[in-house]
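**Student:** This is the structure I have questions about; it appears just below.
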Amino acid sequence: MRSADNYPRSNPYRRIAISFIVAAVAVTFLILYYTLGRAEITLELATETEVLETNVTATTETAEANLPGIILTTEKTTTKTYRAQGTGEKEDKASGVVTIINNNNASQSLIASTRLLSPSNILYRISTQVTVPAGGSVEVGAVADQAGDASQITEPTKFIIPGLNASLQQRIYAESKNPLIRQEKPGGKVLASDIEDARNNLKELITQQALAELREQLPENKRELNVVYKTDITKATSSEQADANVSEFDFTMTAKVTAVFYQADKLRAAALAVLNKETSETGKEILSLDEESLAVTITDVAIDNKSAQLKVKFLGHVSWKDVSKIINKDNLLGRTKPEVENYFSAFPGVKNV
15 MRSADNYPRS NPYRRIAISF IVAAVAVTFL ILYYTLGRAE ITLELATETE VLETNVTATT
75 ETAEANLPGI ILTTEKTTTK TYRAQGTGEK EDKASGVVTI INNNNASQSL IASTRLLSPS
135 NILYRISTQV TVPAGGSVEV GAVADQAGDA SQITEPTKFI IPGLNASLQQ RIYAESKNPL
195 IRQEKPGGKV LASDIEDARN NLKELITQQA LAELREQLPE NKRELNVVYK TDITKATSSE
255 QADANVSEFD FTMTAKVTAV FYQADKLRAA ALAVLNKETS ETGKEILSLD EESLAVTITD
315 VAIDNKSAQL KVKFLGHVSW KDVSKIINKD NLLGRTKPEV ENYFSAFPGV KNV
């Protein structure tokens with residue numbers, strides 16, 4: 015039996031050497047991986063047009079980051095009379111205007127109900143007596159002899175006058191330029207759309223009157239300021255309800271108009287300061303603003319009228335400044351060139367890869 019002293023002893027130097035070799039191979043592999051696997055990606059960034067929106071505080075008190083402004087409010091009550099639309103019902107017989115033409119060398123009188131006959135044998139009668147001067151013409155109303163849509167004539171038409179002898183019919187006749195149709199019956203009926211139109215019209219009327227009055231309250235050197243406003247209707251009533259058979263009605267409205275007067279350049283600067291900060295946080299930068307696209311609305315007004323919140327919108331031209339905000343480099347490792355190009359095709363701000 016072999017004693018323990020006869021077994022080969024473990025060599026610590028041998029273990030260290032093997033560990034060193036393994037580590038060296040691993041490091042070499044990593045160096046080769048990152049060196050040989052490295053690729054340079056060049057991105058051509060596109061300019062995008064975006065709707066840029068932010069909030070700005072207009073205030074009557076000077077304060078940093080606020081927009082200096084003048085905030086005024088007024089309330090007005092106005093009543094206006096509006097016409098109602100027709101009933102929508104049609105007359106039984108078609109009617110319209112015709113022109114009697116006299117190419118004879120003597121005047122010609124025609125009594126009321128004188129017949130006019132179209133080429134398709136549709137009979138009309140003139141409404142009143144007329145005298146047509148020699149070589150002249152006279153317009154007169156005409157009504158179909160028979161009721162119904164069949165008597166309507168929508169195209170320009172030449173009529174003979176059967177009551178004249180054949181010789182005179184060649185020189186004296188009637189013509190229609192406009193359609194002869196069943197006209198709407200006289201009278202009126204208030205439609206729901208009439209009331210809505212009156213509401214919108216009166217709101218605009220009150221708004222414009224109020225703005226003119228508020229601007230007059232400004233100091234003379236401030237009257238050219240830009241203005242943004244809102245109109246709140248506090249009460250609106252119509253003297254007639256929908257379907258009432260009347261020809262006109264009154265509409266009364268009470269509305270509160272709030273106006274914020276401001277300098278356009280200061281509003282732009284205040285909005286741009288906020289937009290630049292908000293945009294940079296997404297990795298983009300604003301290259302320019304479309305000044306004509308500016309839209310401002312009032313979202314809130316303090317009870318004491320000392321401040322107002324304004325929503326400001328611009329169309330802006332933006333581009334990526336820091337693509338690291340959108341690119342995860344880990345998603346690019348191991349990808350082929352076509353795969354990389356396809357990856358970046360999902361980003362609208364990247365034009366070419």
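When we follow my numbering, the leftmost residue of the sequence shown carries the number 15, and every step to the right adds one.
Just so you know, even glycine gets a beta-carbon here, dropped at the ideal spot from N, CA and C.
All of these numbers come straight from a predicted model, not from anything done at the bench.
1) Please return the same chain residues whose Cβ sits closer than 6 Å to the Cβ of THR168, not counting the five positions on each side in sequence.
2) Which partner residues does THR272 have in the DSSP bridge list?
3) Hey, quick one: how far does the beta strand (DSSP E) through GLU299 stretch, first residue to last?
4) Whole angstroms are fine: how far does the CA of SER109 sit from the CA of GLY150?
5) Taking only three categories from DSSP, how would you classify SER109?
6) Using only the alpha-carbon positions, how far apart do GLN323 and GLN197 sit?
7) Given that a residue counts as buried once 16 or more other Cβ atoms are within 10 Å of its Cβ, and exposed if not, what is VAL111?
8) For LEU50, which of helix, strand or coil comes out of DSSP?
9) Count the other C-beta atoms from every protein chain shown that fall within 10 angstroms of the C-beta of ASN179, then say buried if there are 16 or more, exposed otherwise.
10) Tell me the rounded alpha-carbon separation between LEU216 and THR113.
11) When burial is assigned at 16 or more other CB atoms within 10 Å of the CB, is LYS199 buried or exposed?
12) How would you call LEU301, buried or exposed, if buried means at least 16 neighbouring beta carbons within 10 angstroms?
13) What separation, rounded to the nearest whole angstrom, lies between the Cα atoms of TYR47 and GLU305?
14) Of all Cβ atoms in chain C, is any one closer than 8 Å to the Cβ of PHE275?
15) Identify, in the order they occur along the chain, each residue of the same chain with its Cβ nearer than 7 Å to the Cβ of VAL157, setting aside the five sequence neighbours on each side.
16) Once you ignore the five residues that flank LEU66 on each side, which residues in its own chain have a CB closer than 6 Å to its CB?
17) Curious, which full-length alpha helix (DSSP H) runs of at least 4 residues does the stretch 194-270 contain?
18) What span of residues does the alpha helix (DSSP H) with ALA278 cover, start to end?
19) Which whole-angstrom value is the C-beta distance of LYS94 and GLN223, which I expect to be below 8 Å?
20) What would DSSP say about ALA164, mapped onto helix, strand or coil?
21) How many angstroms separate the CA atom of GLU64 from the CA atom of ALA284?
22) Considering only the beta carbon of each residue, do ILE125 and GLN99 sit closer than 8 Å?
23) Give a single yes or no on whether ALA126 has its beta carbon closer than 7 Å to a heavy atom of the ligand ADP.
24) Quick check: the Cα distance between ILE317 and THR87, rounded to an integer number of angstroms?
25) Counting only the same chain and skipping the five closest in sequence on each side, list residues whose C-beta sits under 6 Å from that of ALA212.
26) Taking the alpha-carbon of GLU262 as reference, which of VAL271, ALA269, SER252 and THR74 has the nearest alpha-carbon?
27) Which one of TYR276, ASN259 and ALA273 has the shortest CA to CA distance from VAL204?
28) Look at PHE275 and LEU308 and say whether their C-beta atoms are less than 8 Å apart.
29) Within this structure, are the beta carbons of ALA226 and ASP246 separated by less than 8 Å?
30) I need the DSSP call for ARG151, collapsed to helix, strand or coil.
31) Identify which residue in LYS244, TYR187, THR272 and ALA161 has its Cα closest to the Cα of ASN118.
32) Helix, strand or coil for SER190 per DSSP?
33) Below 6 Å CB to CB, which residues in the same chain sit around ALA185 once its five sequence neighbours on both sides are set aside?
34) Can you give me the start and stop residues for the alpha helix (DSSP H) that ALA180 sits inside?
35) Taking buried to mean at least 16 other C-beta atoms within 10 Å of its own C-beta, is PRO352 buried or exposed?
36) Alpha carbons only, please: which of ILE136, SER321, ALA120 and THR272 is nearest the one belonging to VAL146?
**Tutor:** On the basis of the coordinates in this document:
1) Excluding residues within five positions, the ones whose Cβ falls inside 6 Å are PRO193.
2) DSSP lists THR87 and LYS244 as partners of THR272.
3) 298-315 is the span of the beta strand (DSSP E), which, as asked, contains GLU299.
4) Take the alpha-carbon of GLY150 and the one of SER109: they are about 23 Å apart.
5) In the structure shown, SER109 falls within a strand segment according to DSSP collapsed to helix, strand and coil.
6) Taking the straight line joining both Cα atoms gives about 54 Å.
7) Residue environment: VAL111 is assigned as exposed (fewer than 16 neighbouring CB atoms within 10 Å of its CB, all protein chains considered).
8) Per-residue confidence for LEU50 stands at a pLDDT of 45, beneath the threshold of 50, marking its modelled position as unreliable; no derived number is given.
9) Flag for ASN179 reads exposed.
10) Rounded to whole angstroms, LEU216 to THR113 spans 42 Å at the Cα level.
11) Answer is exposed; the Cβ neighbour count stays below 16.
12) Classified as exposed, LEU301 has fewer than 16 neighbouring CB atoms from the shown chains inside 10 Å of its CB.
13) Note that TYR47 scores 49 on pLDDT, short of 50, meaning its location in the model is unreliable; the coordinates nonetheless yield the value given after this. TYR47 and GLU305 have their alpha carbons spaced roughly 52 Å apart.
14) This model lacks chain C altogether; it includes just one protein chain.
15) Once the five neighbours on either side are set aside, the close Cβ partners of VAL157 are LYS107, SER109, TYR138, ARG139 and SER141.
16) Spatial neighbours of LEU66 in its own chain (CB-CB distance under 6 Å, excluding positions within 5 residues in sequence) are listed in chain order as LEU289, PHE328 and GLY330.
17) Taking 4 residues as the minimum length, the alpha helix (DSSP H) runs contained wholly in the stretch 194-270 are 206-230, in order along the chain.
18) For ALA278, the uninterrupted alpha helix (DSSP H) run begins and ends at 278-294, by DSSP.
19) With 8 Å as the limit, LYS94 and GLN223 do not qualify as a contact, their Cβ atoms being about 11 Å apart.
20) Of the three classes helix, strand and coil, the one that applies to ALA164 here is helix, per DSSP.
21) The alpha-carbon separation between GLU64 and ALA284 amounts to approximately 19 Å.
22) One thing to note: ILE125 has its Cβ no nearer than 8 Å to the Cβ of GLN99.
23) With respect to small molecules bound, the structure shown includes none, and the ligand ADP cannot be examined in it.
24) Each residue's alpha carbon lies about 11 Å from the other.
25) Excluding positions up to five away in sequence, the list reads TYR96 and PHE265.
26) That would be SER252, whose Cα lies nearest to the Cα of GLU262.
27) Nearest option by C-alpha distance: ASN259.
28) With contacts defined as CB atoms closer than 8 Å, PHE275 and LEU308 fail to qualify as a contacting pair.
29) Against a cut-off of 8 Å, the Cβ pair of ASP246 and ALA226 comes out as no contact.
30) A small correction: the amino acid at residue 151 is Ser; Arg does not occupy that position in the sequence shown. DSSP places SER151 in the strand class (E or B) of the three-state scheme.
31) Shortest Cα-Cα distance from ASN118 to any of LYS244, TYR187, THR272 and ALA161 involves TYR187.
32) Three-state result, SER190: strand.
33) In the sequence as presented, Ala is not what sits at residue 185; that position holds Arg. The answer, listed in chain order, is ASN117 and ASN118.
34) From DSSP, the alpha helix (DSSP H) with ALA180 extends over 180-185.
35) The C-beta of PRO352 has fewer than 16 other C-beta atoms within 10 Å across all chains shown, which makes the residue exposed.
36) Closest option to VAL146, judged by alpha-carbon separation, among ILE136, SER321, ALA120 and THR272: ALA120.
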